[in-house]
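Note sheet for the following structure.
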Amino acid sequence: MFSMKIIDTDHFLDMPTSTQLLYFHLSMRADDDGFIASPKKIMKIAGCSDDDMKLLIAKGFVIPFESGVCVIKHWRIHNYIQTDRYNETMYKAEKAKLISDNGAYHMQEDCDLDTKCIHDGYDVDTQVRLGKVRLELGKDRLDNHRSDSDESSVNSDESTPIITAWNELGLQKLVSIKNNRATLLKARLKEYGQDSIYQCIEHIKESSFLRGQNNRSWIISFDWLIKPNNYIKVLERNYVDKEVNGNGAAGTSETGERKLADWEIRQLESAKQIDIEKAEREMQDIDF
Numbered sequence: 004m005f006s007m008k009i010i011d012t013d014h015f016l017d018m019p020t021s022t023q024l025l026y027f028h029l030s031m032r033a034d035d036d037g038f039i040a041s042p043k044k045i046m047k048i049a050g051c052s053d054d055d056m057k058l059l060i061a062k063g064f065v066i067p068f069e070s071g072v073c074v075i076k077h078w079r080i081h082n083y084i085q086t087d088r089y090n091e092t093m094y095k096a097e098k099a100k101l102i103s104d105n106g107a108y109h110m111q112e113d114c115d116l117d118t119k120c121i122h123d124g125y126d127v128d129t130q131v132r133l134g135k136v137r138l139e140l141g142k143d144r145l146d147n148h149r150s151d152s153d154e155s156s157v158n159s160d161e162s163t164p165i166i167t168a169w170n171e172l173g174l175q176k177l178v179s180i181k182n183n184r185a186t187l188l189k190a191r192l193k194e195y196g197q198d199s200i201y202q203c204i205e206h207i208k209e210s211s212f213l214r215g216q217n218n219r220s221w222i223i224s225f226d227w228l229i230k231p232n233n234y235i236k237v238l239e240r241n242y243v244d245k246e247v248n249g250n251g252a253a254g255t256s257e258t259g260e261r262k263l264a265d266w267e268i269r270q271l272e273s274a275k276q277i278d279i280e281k282a283e284r285e286m287q288d289i290d291f
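Using the working numbering, the letters of the sequence shown map in sequence onto residues 4 to 291.
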């Protein structure tokens with residue numbers, strides 16, 4: 004089994020696909036304690052290189068031993084094995100060098116034996132130790148509870164890839180999705196599906212109008228996109244360039260939708276100019 008709390012993090016997904024593949028192959032061949040006897044053999048089977056193994060070690064996903072054996076660091080977060088099916092590893096000497104803390108292995112020499120090991124960013128099990136079996140069962144219940152309660156929310160696991168995909172457009176940088184922005188996005192995803200936001204981003208790539216090539220030099224923003232009326236227009240490809248759209252629609256600046264968007268931009272600029280003029284008048288009335 005694999006926990007999404009490990010393999011769905013940026014720390015894991017930032018690695019090359021060959022490195023991720025090696026991690027999966029190693030995990031599939033590990034024993035009940037997460038130890039692998041022949042990592043080099045598995046590297047050859049998977050077609051991976053020494054660099055992939057070095058990266059897994061450097062990133063803290065695999066712990067190596069001088070004997071050539073290695074262990075999956077977050078094995079106990081990935082897997083719960085019932086006591087009647089559990090077979091202890093034969094690599095007891097290597098296991099004795101480890102400390103298991105919150106589901107993750109740590110080398111004893113890396114920890115102060117008088118204090119608790121410093122947690123890494125992936126050890127998310129409950130810190131109340133009620134015995135091995137009860138701890139794992141409690142973690143499973145906690146996972147299910149979080150899954151149910153966060154079903155309609157925009158959590159960090161969902162928002163991070165969205166932010167990354169948006170920023171790859173090279174437009175106005177998106178830093179976070181929270182508060183009103185999160186509420187609007189959550190409503191759009193619930194209405195049109197979780198993948199709809201990525202479809203919109205792809206359509207923005209195909210629209211020179213939305214990316215600033217219009218007579219006002221206006222550029223789409225994330226907040227503009229997630230408004231109800233705007234979102235469906237982008238999702239339905241109303242702004243996609245003629246040659247990309249391929250449906251015989253008029254050019255970029257000639258469609259009704261683009262004219263409407265251009266009119267909305269003019270209205271915003273007009274309102275902004277009124278505010279500036281009002282502020283200038285108020286300044287003139289101040290007696291210095």
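Yeah, the Cβ is synthetic: ideal placement off N, Cα and C, and Gly gets one too.
If you're wondering where the values come from, they're calculated on a predicted model, not measured in any experiment.
Selected residue, minimal CA-CA separation from residue i, among the options
{"i": "V178", "options": "L187, I165, K189", "result": "I165"}
{"i": "K76", "options": "T20, F27, D87, Q85", "result": "F27"}
{"i": "P67", "options": "T20, K8, S41", "result": "S41"}
{"i": "G196", "options": "G215, E161, R214, L101", "result": "E161"}
{"i": "I200", "options": "I180, L213, Y234, R219", "result": "Y234"}
{"i": "S100", "options": "L238, E91, T92, E112", "result": "Checking the sequence shown, residue 100 turns out to be Lys, not Ser. Comparing Cα-Cα distances from K100 to each of L238, E91, T92, E112, the minimum goes to E112."}
{"i": "K43", "options": "M4, M93, P19, G71", "result": "G71"}
{"i": "A168", "options": "L192, I207, N158", "result": "I207"}
{"i": "L192", "options": "L238, I10, L213", "result": "L238"}
Alpha-carbon to alpha-carbon, residue j and residue i
{"i": "A190", "j": "N232", "result": "12 Å"}
{"i": "H14", "j": "D87", "result": "34 Å"}
{"i": "N217", "j": "A185", "result": "29 Å"}
{"i": "E194", "j": "L172", "result": "24 Å"}
{"i": "N82", "j": "K236", "result": "45 Å"}
{"i": "A252", "j": "S211", "result": "For A252, the pLDDT reaches just 44, beneath the cut-off of 50, and the residue's location in the model is therefore unreliable, although a value from the coordinates is still provided. Straight-line Cα distance between these residues: approximately 15 Å."}
{"i": "C203", "j": "D226", "result": "13 Å"}
{"i": "D151", "j": "D53", "result": "Unreliable placement is indicated for D151, whose pLDDT of 42 sits below 50; the coordinate value is still reported in the next sentence. If you take the alpha carbons of D151 and D53, they lie about 41 Å apart."}
{"i": "D34", "j": "S103", "result": "16 Å"}
{"i": "N182", "j": "K95", "result": "50 Å"}
{"i": "H109", "j": "N241", "result": "54 Å"}
{"i": "M93", "j": "M4", "result": "21 Å"}
{"i": "D198", "j": "K47", "result": "36 Å"}
Neighbourhood of residue i by C-beta distance below 6 Å, restricted to the same chain and skipping five residues each side
{"i": "W78", "result": "G37"}
{"i": "Q175", "result": "S224"}
{"i": "L187", "result": "I229"}
{"i": "G215", "result": "I222"}
Check: residue i C-beta below 7 Å from any heavy atom of the ligand ATP
{"i": "P164", "result": "This structure simply doesn't include the ligand ATP, nor any ligand for that matter."}
Own chain, CB closer than 7 Å to residue i, minus 5 neighbours either side, in chain order
{"i": "L59", "result": "T22, L25, Y26, V65"}
{"i": "T163", "result": "D13"}
Nonlocal neighbours in the same chain, by C-beta distance under 8 Å from residue i, ignoring five residues either side
{"i": "N90", "result": "D34, D35"}
Practice problem: Go through the segment 28-92 residue by residue and report every complete run of the beta strand (DSSP E) that reaches 3 residues or more, in order. | Solution: 65-67, 73-75
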